Every structure is written in C-alpha cells, then in structure tokens.
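Comments concern the structure below.
2 protein chains.
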Amino acid sequence: MTEPRPSAVTTGTLHLIPVGLSEQPINNWLPASAQQKAGALAHYIAENAKTARAFLKQLNLTQPLQTINIHTLSSRADDTMIRQWLTPLLQGEDMGLVSEAGCPAVADPGARVVALAHQLKITVKPWVGPSSIVLGLMASGLEGQRFAFHGYAPVKPDARKLQLKQWEQISQRQKQSQLLIETPYRNVAMFQSLIETLAPQTRLCVARDLTGEHEWVKTRTIADWRRQPTPDLASWPTLFLFQA
Amino acid sequence: MTEPRPSAVTTGTLHLIPVGLSEQPINNWLPASAQQKAGALAHYIAENAKTARAFLKQLNLTQPLQTINIHTLSSRADDTMIRQWLTPLLQGEDMGLVSEAGCPAVADPGARVVALAHQLKITVKPWVGPSSIVLGLMASGLEGQRFAFHGYAPVKPDARKLQLKQWEQISQRQKQSQLLIETPYRNVAMFQSLIETLAPQTRLCVARDLTGEHEWVKTRTIADWRRQPTPDLASWPTLFLFQA
C-alpha cells in the first residue's frame with residue numbers, strides 16, 4: 330500500500346553502487362564517498378540479496394543491517410513489481426542498486442531498473458567502482474579508443490568459431506578491440522577456441538581475477554600464446570580481449 | 330644512459346592510475362589504496378604533465394612533487410623513447426601512467442605504453458577509478474550486456490549522418506548500446522545530429538559532466554527529446570549513448 334505522491338516532495342536519487350569483484354579490502358576498490366553513501370541507504374535493489382548483504386557488512390552502516398530493505402532483482406521481477414519497489418524514491422527517499430559483482434547495469438540485469446527510473450523522472454547517480462571491462466581494457470594495451478563488449482560468445486563450437494572470426498574481421502576493419510567473458514569453468518575451452526581460431530598476429534589479452542589476489546594480465550600475439558602452456562584460468566573470472 | 334638489466338632484479342610494476350573527470354574531491358572518485366600507491370611513485374608517464382601535477386597535489390606524496398619524474402606522452406614520443414622511459418621498471422622500480430582525465434589507456438594514447446610494457450614482460454596493475462564510459466552506461470539504463478564505444482563520430486554532416494544510421498542499425502540487430510563522445514564546443518551540434526538522424530523510438534542518453542558539479546544524465550526516446558528544449562551541453566564533457 331503506497332501513498333499517492335505528494336506534489337511538494339522532491340524525489341529521491343537512485344544511487345548506482347558498484348560492489349567488489351574479489352575478496353580484497355573495500356578501500357582497494359571503492360572511493361570513501363561511495364562507501365559513505367552506500368552505508369546510509371535504507372532501501373536497495375540487488376541482483377542477489379546474499380552478496381548485497383555481504384557488501385553492506387563491509388561498510389559503516391547508519392542503521393542495523395537487518396532493517397535495510399533489499400529487493401531481489403530476479404528474472405521473475407516484472408516492470409510493475411520494480412515500479413512498486415521504486416516507491417520510496419517518489420516519496421523523497423534515496424535508494425541503492427547493486428549488482429552481484431562490479432558495476433550495476435553493466436553486464437547484469439540492473440539496466441531495467443535504471444530505465445524505469447528514467448521513465449519516472451528519477452535522478453540516477455552512478456558511483457565510481459570496479460568494472461572488469463575497463464580494468465581489463467586499461468591493462469591490455471589494446472586499442473582503447475574504440476572497443477566493443479559482447480558478453481558471452483556462442484557455446485557450440487561451429488557457431489563460436491564463426492562468431493570469433495567475424496569479431497576479428499570487425500576488429501581489423503575498424504581498429505576496434507573486442508571484449509568477451511565466459512563462465513569460469515569454460516574459461517580454458519574459450520582460451521583454446523581463441524588461440525585456434527584467431528590469426529597468428531592478432532593480439533590476445535587474458536585478464537584473470539581483476540582486483541583479486543590472483544590477478545594476472547598478459548597480452549601476447551596468438552602465435553606467442555600457442556607456444557606457451559595454457560594459463561590457469563578455471564577458478565577465476567576472466568575477461569578476454571583481442572585486437573586484429 | 331641506463332645500466333644493463335641485472336638478472337637478479339625483480340622488475341617493477343606499471344601502475345595504471347585513473348585521475349579525476351571533474352574538480353570534485355578525490356575521495357569521491359579514487360579508492361584510498363589507489364591514492365596511497367599513486368602518492369608513493371617516483372616516476373610517471375603522463376598524457377599531460379600539467380594536469381598530472383595537479384592530480385599529484387591532491388595526494389599525500391612520499392617525496393616532494395618537484396622530485397617526481399614526469400615524462401609527457403606527446404604524439405612525438407616514439408617507441409624507442411617510451412622504452413627508455415620504462416627503464417626504472419627493469420631496474421625494479423614502480424612507475425605510474427596517468428591520462429589527462431579518467432582511466433589511462435581508455436580513449437587516450439596511453440595504450441601504447443601498456444603495449445610496450447607487455448612486450449618487456451613488465452607487470453601492469455590497473456587501479457579502479459572514474460571512466461565516463463562505464464559511469465554513463467550504468468546511468469543510461471540502456472543495454473549493458475553488449476555495447477560499443479566509438480570515440481568520435483565524423484564531423485562532416487553527410488558522413489556523420491551515414492555513420493549514426495549505421496550504428497543504429499547495428500544497435501537494433503545486435504541489441505548493442507552505442508557510445509560516442511564529442512569535443513564540448515561541438516556537443517550541441519552532435520545532439521542536434523542525433524535527434525535529427527535517429528528513429529523516433531530509439532532511446533538516447535545524454536550524460537553530462539559525470540562525477541562533476543553539473544552532472545546531468547537523462548534517457549529519453551528521440552521523439553521525446555524532439556519535444557524538449559536543447560540541453561545545456563556546451564561547457565562540459567558529455568557522453569552520448571543510444572539504443573535502437
């Protein structure tokens with residue numbers, strides 16, 4: 330039961346709060362002001378309530394954790410439900426949006442919430458925090474003036490091969506870096522597909538466990554990678570970047 | 330005159346340090362650990378030495394500012410010169426790389442330095458900091474699972490129109506958000522081109538002065554933008570994002 334919006338109330342702000350990519354201390358990856366703001370919010374929408382609570386435990390909270398209201402953005406949440414969650418904003422309170430890892434609304438379902446906030450004319454405030462896409466691109470040494478993030482490549486070998494070849498052609502034609510991710514247990518298979526499919530002179534960057542204890546970033550040509558042992562990628566989130 | 334590399338020395342790390350996008354306090358946009366590391370480095374490569382010094386003045390430095398060695402990465406710097414600059418790394422010292430604004434090696438010339446570091450088998454460490462690309466994407470509510478950053482669009486009207494149309498087609502076909510920047514004095518002209526060229530139902534996000542005092546992020550359909558007064562964009566860096 331929500332009250333009708335009183336016309337005199339200034340709407341709240343939807344704060345987009347990045348969370349960690351790894352277990353490292355929060356001062357490694359979140360600016361102090363973002364920590365302070367995140368610790369002061371009473372309402373959250375989270376991709377995963379459990380990891381959201383683990384994030385909140387790292388902050389100085391202005392109210393007890395169990396009194397913070399966390400909605401889970403599951404695939405079953407429809408627009409009507411999400412609009413209902415956003416009611417505190419219309420009543421002048423701030424809210425937070427968090428992803429399971431990294432920046433909300435980038436490579437996660439949070440963009441739906443932000444899109445609805447824009448429809449409701451709610452101010453959204455993005456905070457600085459870890460994005461594996463940007464960290465990987467910085468560390469790759471590949472073309473950073475033009476790049477495309479594709480999410481996941483197809484899983485089936487033929488479709489995957491075709492897609493990688495197509496991205497390689499675009500990369501060469503447009504001088505555009507190509508970025509993709511894979512679920513950790515398939516990382517080694519993806520690495521094998523990349524070194525088998527791409528041209529010898531194409532540069533491939535493997536960016537493993539960014540911000541984490543096992544962070545490891547190497548850029549080599551495909552020809553060089555073929556001469557190296559396969560890197561140990563099975564246990565950590567890994568971003569793959571290449572440029573033809 | 331550099332000494333030959335002693336085989337027993339462990340090479341240093343090239344730290345990729347983001348700098349501010351705006352005049353706001355550093356605790357708003359740089360994690361404490363990144364500030365600490367940046368303040369402890371004696372050697373820098375910078376896109377612009379003046380803005381690099383302005384950044385360093387915001388830190389607790391472990392040595393006087395005037396004793397910090399800053400190389401300027403101008404367009405005249407060739408690979409031989411950059412390799413020479415990287416010598417302290419081969420001697421076991423750490424170095425920093427900074428852009429004029431935001432993340433080094435993303436939408437700036439720093440990628441050349443990182444590529445050479447990889448060739449020399451030097452470890453590169455990307456630190457979390459502000460990227461207008463990621464902040465804008467988060468705040469746009471547009472598709473965050475697939476996106477392309479294009480840098481600048483062509484300036485000439487016909488070529489620009491053709492290019493925008495082409496990106497719109499790609500956006501629709503691949504469900505991929507399209508991101509571009511413009512130099513501030515051309516922002517209003519770019520905004521006009523976008524609302525004239527794109528289809529009425531395409532969503533356009535205008536993300537102005539991210540992290541700054543005049544931050545303003547709105548996403549509307551082209552049809553809606555056409556009914557609004559032109560936003561005030563001429564004085565601030567602005568990112569344009571759209572999705573068909």
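Sequence lines, in order, name chains A and B.
Position one of the first sequence corresponds to residue 330 (our numbering), numbered consecutively onward.
Position one of the second sequence corresponds to residue 330 (our numbering), numbered consecutively onward.
Ideal Cβ positions, reconstructed from N, Cα and C, are used throughout, including at glycine.
Bear in mind the structure is a predicted one, so any value in this text is a computation, not a measurement.
- A straight-line Cα-Cα distance of about 11 Å links residue 411 of chain B and residue 439 of chain B.
- Following the DSSP letters along the chain, one finds residue 498 of chain A inside the alpha helix (DSSP H) bounded by residues 486-503.
- Boundaries of the beta strand (DSSP E) around residue 454 of chain A: 452-455.
- Cβ atoms of residue 426 of chain A and residue 374 of chain A come within 8 Å of each other, at about 5 Å.
- In this structure, the CA atom of residue 385 of chain B is about 43 Å from the CA atom of residue 527 of chain B.
- Listed in chain order, the non-local C-beta contacts of residue 569 of chain A below 8 Å within the same chain comprise 508, 509, 510, 511, 519, 520, 523, 533, 534, 535, 536, local neighbours out to five positions each way being set aside.
- Closer than 9 Å to the CB of residue 494 of chain A there is not a single CB belonging to chain B.
- At a Cβ-Cβ threshold of 9 Å, residue 453 of chain B and residue 359 of chain A do not count as neighbours.
- Per DSSP, residue 506 of chain A lies in no alpha helix (DSSP H); the unbroken beta strand (DSSP E) holding it starts and ends at 506-510.
- Contact between residue 429 of chain A and residue 437 of chain A holds, with the beta-carbon distance rounding to 7 Å and staying under 8 Å.
- Here residue 469 of chain B has 534, 548, 570 as same chain residues with Cβ atoms under 6 Å from its own Cβ, once five neighbours each way along the sequence are excluded.
- Taking each of B:447, B:543, B:539, B:493 in turn and checking the Cα distance to residue 349 of chain B, the smallest one comes out for B:539.
- When only Cα atoms are considered, residue 451 of chain B and residue 338 of chain B end up about 12 Å apart.
- A:472 is the residue among A:482, A:480, A:472 whose C-alpha sits nearest the C-alpha of residue 504 of chain A.
- Per DSSP, the beta bridge partners of residue 477 of chain A are A:507, B:477.
- For residue 472 of chain B, a Cβ of chain A is located within less than 9 Å of the residue's own Cβ.
- Under the DSSP assignment, residue 425 of chain B falls in the beta strand (DSSP E) whose first and last residues are 424-427.
- Under the 9 Å criterion on CB atoms, residue 400 of chain A is classed as non-interfacial with respect to chain B.
- At a cut-off of 9 Å between beta-carbon atoms, residue 465 of chain B makes contact with chain A.
- Minimum Cα-Cα distance from residue 516 of chain A among the listed residues A:366, A:394, A:567, A:531 corresponds to A:567.
- Between the beta-carbon of residue 345 of chain B and that of residue 368 of chain B there is about 15 Å, and that puts the pair past the 8 Å contact cut.
- For residue 408 of chain B, not one C-beta of chain A is nearer than 9 Å to its own C-beta.
- Within the region 482-512 of chain B, no residue has a Cβ lying closer than 7 Å to any Cβ of chain A.
- A straight-line Cα-Cα distance of about 39 Å links residue 378 of chain A and residue 557 of chain B.
- Following the DSSP letters along the chain, one finds residue 379 of chain B inside the alpha helix (DSSP H) bounded by residues 378-385.
- Under the DSSP definition of a beta bridge, residue 398 of chain A partners with A:372.
- Closest in C-alpha terms to residue 445 of chain A, from the list A:531, A:414, A:481, A:544, comes A:414.
- Residue-level contact by beta carbon holds for residue 478 of chain B and chain A, with a gap shorter than 9 Å.
- For residue 414 of chain B, the enclosing alpha helix (DSSP H) begins and ends at 408-414.
- The Cβ of residue 447 of chain A sits closer than 9 Å to at least one Cβ of chain B.
- Judged by DSSP secondary structure, residue 545 of chain A falls within the beta strand (DSSP E) whose first and last residues are 545-550.
- Interface annotation, residue 548 of chain B: in contact with chain A, CB-CB separation under 9 Å.
- The three-state reading of DSSP puts residue 338 of chain A in coil, since its state is none of H, G, I, E or B.
- With contacts defined as CB atoms closer than 9 Å, residue 370 of chain B and residue 443 of chain B fail to qualify as a contacting pair.
- Residue 537 of chain A carries a strand assignment under DSSP once its states are collapsed to helix, strand and coil.
- Only residues of its own chain outside the window of five on either side were considered, and among them 507 have a CB closer than 6 Å to the CB of residue 496 of chain A, listed in chain order.
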